[in-house]
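Asks: Oh and the first sequence: position 120 is 105 in our numbering, straight run, nothing missing.
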Amino acid sequence: MDLTSLPGFRDFYPEQMALRDHVFTVWREVAGRYGFVEYDGPPLEPLDLYVRKSGEEIVGQLYRFTDQGGREVALRPEMTPSFARMVGARAGGMPKPIRWYSIPQLFRYERPQKGRLREHFQLNLDIVGEAGELSDAEIIAAAIDMLRAFGLSSEEFVARISDRELIGGLLAAHGVAPEAMGAAFAALDKLDRESPEWVCGRLEEAGVSERSARELLGIPELDLPALLGRVGDDPATLEAGERLRRVFDHLESFGLGAFVRFDPSLVRGLAYYTGTVFELWDRRGEFRAICGGGRYDRLLAAVGGPDLPALGFGMGDVVLSELLKARGLVPEQPAAIQDFVICVTDEQRPAALGVVHALRDRGRRVAYDFAGRSVGRQFKAANQVGAERTIVLGPDELSRGEAVVREMSTGEEKSVPLGSILSD
RNA sequence: GUGGGCGUAGCUCAGUCGGUUAGAGCGCCAGGUUGUGGCCCUGGAGGUCGCGGGUUCGAUUCCCGUCGCUCACCCCA
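#1: What first and last residue would you give for the alpha helix (DSSP H) that runs through residue 334?
#2: Just to check my reading of the structure: residue 390 and residue 406 have Cβ atoms closer than 8 Å, yes? What is that Cβ distance to the nearest angstrom?
#3: Would you tell me roughly how many angstroms separate the C-alpha atoms of residue 340 and residue 362, rounded to the nearest one?
#4: Within a Cβ cutoff of 8 Å, which residues of the same chain sit near residue -14, ignoring the five residues on either side of it in sequence?
#5: With the cut-off set at 8 Å, would you say residue 64 and residue 89 are in Cβ contact?
#6: Say whether the segment 65 to 77 touches the segment 287 to 299, bearing in mind that this needs 3 or more beta-carbon pairs closer than 8 Å, one atom from each stretch.
#7: Using only the heavy atoms of the ligand MN, determine whether one of them is closer than 7 Å to the beta carbon of residue 113.
#8: For residue 87, name the three-state secondary structure that DSSP assigns.
#9: Note down, one range per segment and in chain order, each alpha helix (DSSP H) of at least 4 residues found wholly within the segment 284 to 325.
#10: How would you label residue 61, buried or exposed, when you count the other beta carbons within 10 angstroms and need 16 or more for buried?
#11: Might you give, ordered along the chain, the residues of its own chain that have their beta carbon closer than 8 Å to the beta carbon of residue 394, omitting 5 neighbours on each side?
#12: Hey, quick one: how far does the alpha helix (DSSP H) through residue 33 stretch, first residue to last?
#13: According to DSSP, which residues form a beta bridge with residue 327?
#14: Taking the alpha helix (DSSP H) that residue 10 falls in, what are its first and last residues?
#15: Could you check what DSSP says for residue 259 in three-state terms: helix, strand or coil?
#16: Measuring straight from C-alpha to C-alpha, what distance separates residue 249 and residue 351?
#17: By the DSSP assignment, the alpha helix (DSSP H) with residue 163 in it spans what residues?
#18: Suppose you measure from the CA of residue 8 to the CA of residue 280; what does that come to, to the nearest Å?
#19: Starting from the C-beta of residue 387, find all residues in its chain whose C-beta is less than 7 Å away, skip the five residues before and the five after it, and write them out in chain order.
#20: Taking the alpha carbon of residue 380 as the reference point, which residue from 332, 346, 353 has its own alpha carbon closest?
#21: If we call anything under 8 Å between Cβ atoms a contact, is residue 208 one with residue 247?
#22: Please look up how many angstroms separate the CB atoms of residue 221 and residue 307, rounded, as I've assumed it's under 8 Å.
#23: For residue 267, which residues of its own chain have a beta-carbon under 8 Å away from its beta-carbon, when the five flanking residues on both sides are left out?
#24: Considering only C-alpha positions, which residue in the set 45, 226, 251, 397 is nearest to residue 446?
#25: Out of curiosity, what's the CA-to-CA distance linking residue 87 and residue 111?
#26: Do you know offhand how far residue 259's Cα is from residue -10's?
#27: Decide if residue 49 is buried, meaning its Cβ has at least 16 other Cβ atoms within 10 Å, or exposed.
#28: For residue 81, which residues in the same chain have their Cβ closer than 6 Å to its Cβ, ignoring the five residues on either side in sequence?
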């Protein structure tokens, strides 16, 4: 029998489970601060749920199979379609905006690499039913506060923010036809990794003149006002720019100005974003994006959900955990054992078990030796499990109704009545 | 799917210019007696040297293949 786990899948040993639990706890705590409530859906869904949204080509990237009932099913690669279905079933009767979040385990059949496995947990946090840009600022603020709650500062990460409609308008003003928009976005997205010549070439293929392409290469250097000066006079584009400016204003009002930056080269690969897009990045550039999201006003309807504006983000546990480890932000776990109860001889066993159980009833984390070993070995065992104190029951103390309590860190020892152990 | 790097004990790694029983540190287990841990000492368990084939008198070592891990590319929900 092969005892290794599947490639890209993780075993969570206790120390890793502690980190995972910490991540989930902080996520839930911050989501709660923003008034989001948690939901979940099935990890296994009909294959068609994803094909309908992303097309047939996605099938090769899914964990999928035919079940015994002949149904084509897939382990969920993302939460949005399930979310759309669940929101759709209830949206009509719910006050808007809807604020829901989830921490699904997601699966994809791809070659694993740094920060990207075949399985991960991803916080999904979305607002449905609100089109105003205050909600854009709200969702970005929530993402930023997630990382702040882990102890990361504006020195360590930044939210890169842009707007797809604004950049789309800019590209259109430079001669990109609607049908070439996707290719042009893809080219711009490569600016930080590919040579200017390469990007220029791709833009020209998308219908951009060489002169315009050269001009577009300067995009990442532009601030928002400068960029607005180059988008022409299309009213929708100008409005998108104004909208984005107000998003930044709101974030500034939240006091989060140090965490955000306009980044026109950010377009995200996702075709379905309709407005604000953003990503959270480690400033040192050691990791891939920690978090990404934006506004997707037409997606819910497109996947069969309600026709409501929506926006949200996803934040995976893999990159985040690597970052926390690299920055020394993984909290120390409390000792698994608080009290270790020691019997000097087997005669004290019944009394010891009574003490053990009474302490556990009081919520203490308690252990004791199973094997009847020497007192020295029992202390050694207590030390190994990190016990905060040991409670020694010997014939002498027990005859007086007492026990010796030893603080393991200091070695300080005192004889106390059994009753006081169980009441303080 | 493409390419690079790496596979020796639970962990981190030595080592063998091809040669007999493959080592260390840490960790683990048991002792160092009869009521006190951390340090120390002694002993022990634990490895098909990733797997398969080839060359060879002999392969953990050389060659080929394969699997796995890992990094990058592609892609990215």
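Glycine included, C-beta positions come from ideal geometry on N, C-alpha and C.
Replies: The relevant details are as follows:
#1: Mapped onto the first sequence, residue 334 falls at position 349. That run of the alpha helix (DSSP H) goes 334 to 346.
#2: Along the first sequence, one-based indexing puts residue 390 at 405. Along the first sequence, one-based indexing puts residue 406 at 421. With a Cβ gap of about 7 Å, residue 390 and residue 406 count as contacting.
#3: Translated into positions along the first sequence, residue 340 becomes position 355. Translated into positions along the first sequence, residue 362 becomes position 377. Computed Cα separation, rounded: 20 Å.
#4: On the first sequence, residue -14 is found 1 positions in, with the first residue counted as 1. For residue -14, the predicted model reports a pLDDT of 42, less than 50, meaning its position is unreliable; a value from the coordinates is still stated below. None.
#5: Against the first sequence, residue 64 aligns to sequence position 79. Against the first sequence, residue 89 aligns to sequence position 104. Yes.
#6: Enough Cβ pairs lie closer than 8 Å, so yes.
#7: The model depicted lacks the ligand MN and carries no ligand whatsoever.
#8: By one-based count along the first sequence, residue 87 stands at place 102. DSSP places residue 87 in strand when its eight states are reduced to three.
#9: Every alpha helix (DSSP H) of 4 residues or more that sits fully in the segment 284 to 325 is shown, in chain order, as 284 to 287, 302 to 311.
#10: To locate residue 61, count along the first sequence from 1; it is residue 76. A residue is called buried when at least 16 other Cβ atoms come within 10 angstroms of its Cβ; residue 61 meets this threshold and is buried.
#11: Your numbering for residue 394 matches position 409 in the first sequence. Closer than 8 Å at Cβ, skipping near neighbours: 373.
#12: Along the first sequence, read from residue 1 onward, the residue named residue 33 stands at position 48. For residue 33, the enclosing alpha helix (DSSP H) has its first and last residue at 33 to 39.
#13: On the first sequence, position 342 is the one that residue 327 refers to. Beta-bridge analysis with DSSP links residue 327 to 377.
#14: In the first sequence, residue 10 corresponds to position 25, counting from 1. Looking at the DSSP string, the run of the alpha helix (DSSP H) that includes residue 10 is -1 to 18.
#15: Residue numbering aside, residue 259 sits at position 274 when the first sequence is read from its first letter. Coil.
#16: Within the first sequence, residue 249 is the residue found at index 264, counting from 1. Within the first sequence, residue 351 is the residue found at index 366, counting from 1. Straight across, the Cα-Cα distance linking residue 249 with residue 351 is about 57 Å.
#17: The residue given as residue 163 occupies position 178 in the first sequence. Segment: none, residue 163 is in no alpha helix (DSSP H) and carries neither H nor E.
#18: What you label residue 8 is simply residue 23 of the first sequence in a count that begins at 1. What you label residue 280 is simply residue 295 of the first sequence in a count that begins at 1. Straight across, the Cα-Cα distance linking residue 8 with residue 280 is about 25 Å.
#19: On the first sequence, residue 387 is found 402 positions in, with the first residue counted as 1. Sequence-distant partners of residue 387 (beyond 5 residues in either direction) whose C-beta falls short of 7 Å from its own C-beta, in its chain, are 400, 401, 402, 403.
#20: Locating residue 380 in the first sequence gives position 395, counting from the first residue. Taking residue 380 as reference, the option from 332, 346, 353 with the minimal CA-CA separation is 332.
#21: As a working note, residue 208 is residue 223 in the first sequence. As a working note, residue 247 is residue 262 in the first sequence. In this structure, residue 247 lies closer than 8 Å to residue 208 by Cβ.
#22: Within the first sequence, numbered from 1, the residue matching residue 221 stands at position 236. Within the first sequence, numbered from 1, the residue matching residue 307 stands at position 322. Incorrect: roughly 40 Å between the Cβ atoms, too far for contact.
#23: What you label residue 267 is simply residue 282 of the first sequence in a count that begins at 1. Beyond the five residues adjoining it in sequence on each side, residue 267 comes within less than 8 Å, by CB distance, of 141, 142, 275, 308 in the same chain, given in chain order.
#24: It is not possible to answer for residue 446, since the shown part of the chain is limited to -14 through 409.
#25: Mapped onto the first sequence, residue 87 falls at position 102. Mapped onto the first sequence, residue 111 falls at position 126. Cα-Cα distance, rounded: 9 Å.
#26: The sequence position of residue 259 within the first sequence is 274, counting from 1. The sequence position of residue -10 within the first sequence is 5, counting from 1. C-alpha separation (whole angstroms): 40 Å.
#27: For the purposes of this step, residue 49 is taken as the residue at position 64 of the first sequence. Burial call: buried.
#28: For this step, residue 81 is matched to residue 96 along the first sequence. Result list for residue 81: 114, in chain order.
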